[in-house]
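Colleague:
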Amino acid sequence: MKCPNCDKTMKPQKGIRFNEYTVDGWVCTCGEKYYEPEQAQRILLLNTLKKQSVKAKLGRIRSNLILRLPKDIEMALNLEQGEDVSITVEGDGIKVVKV
Ligand SMILES: [Zn+2]
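Counting from 396, one number per residue, gives the positions in the sequence shown under the working numbering.
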């Protein structure tokens, strides 16, 4: 990949700092960085979601209440169907964390 700043060849690098996260991307000796677009977009989405609350509706399947997670949350947190999560009650709410 060519540097848009100085036209030198950029080196691929893993774990570049991006906000409080790390992503893969390319770096140049001139200091220019290019983040892997999909990873960078996921972090931007994560930051947006941290600043706002998302409304969702509870449903029911037989005796269980179900909570459908919005697509943005699925993408921001890399959640997948069948994945195990852990639920803790906090105050009068719940916290769901990937196991
Ligand atoms: Zn450069």
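Where a beta carbon is used, it is the ideal one built from N, C-alpha and C, also for glycine.
Predicted model, so just to flag it, every value in this text is computed and none were measured.
Is it buried or exposed for G420, if we count other Cβ within 10 angstroms and need 16 for buried?
Modeller: With 16 or more Cβ atoms within 10 Å of its Cβ, G420 is classed as buried.
Colleague: Look at the alpha carbon of L464 and the alpha carbon of P432, and state the distance between them as a whole number of angstroms.
Modeller: Between L464 and P432, the C-alpha separation is close to 24 Å.
Colleague: Mark A451 as exposed unless 16 or more other C-beta atoms lie within 10 angstroms of its C-beta, in which case mark it buried.
Modeller: A451 is exposed by the Cβ-count criterion.
Colleague: Hey, how far is the Cα of V449 from the Cα of V422?
Modeller: Spanning the two alpha carbons is a distance of roughly 35 Å.
Colleague: Does the beta-carbon of V491 have 16 or more other beta-carbons within 10 angstroms, so that it is buried, or is it exposed?
Modeller: Exposed: under 16 other Cβ atoms inside 10 Å.
Colleague: Thinking C-beta only, is M396 closer than 9 Å to Y430?
Modeller: Not closer than 9 Å, so no.
Colleague: Mind checking C401: buried by the 16 CB within 10 Å criterion, or exposed?
Modeller: With fewer than 16 Cβ atoms within 10 Å of its Cβ, C401 is classed as exposed.
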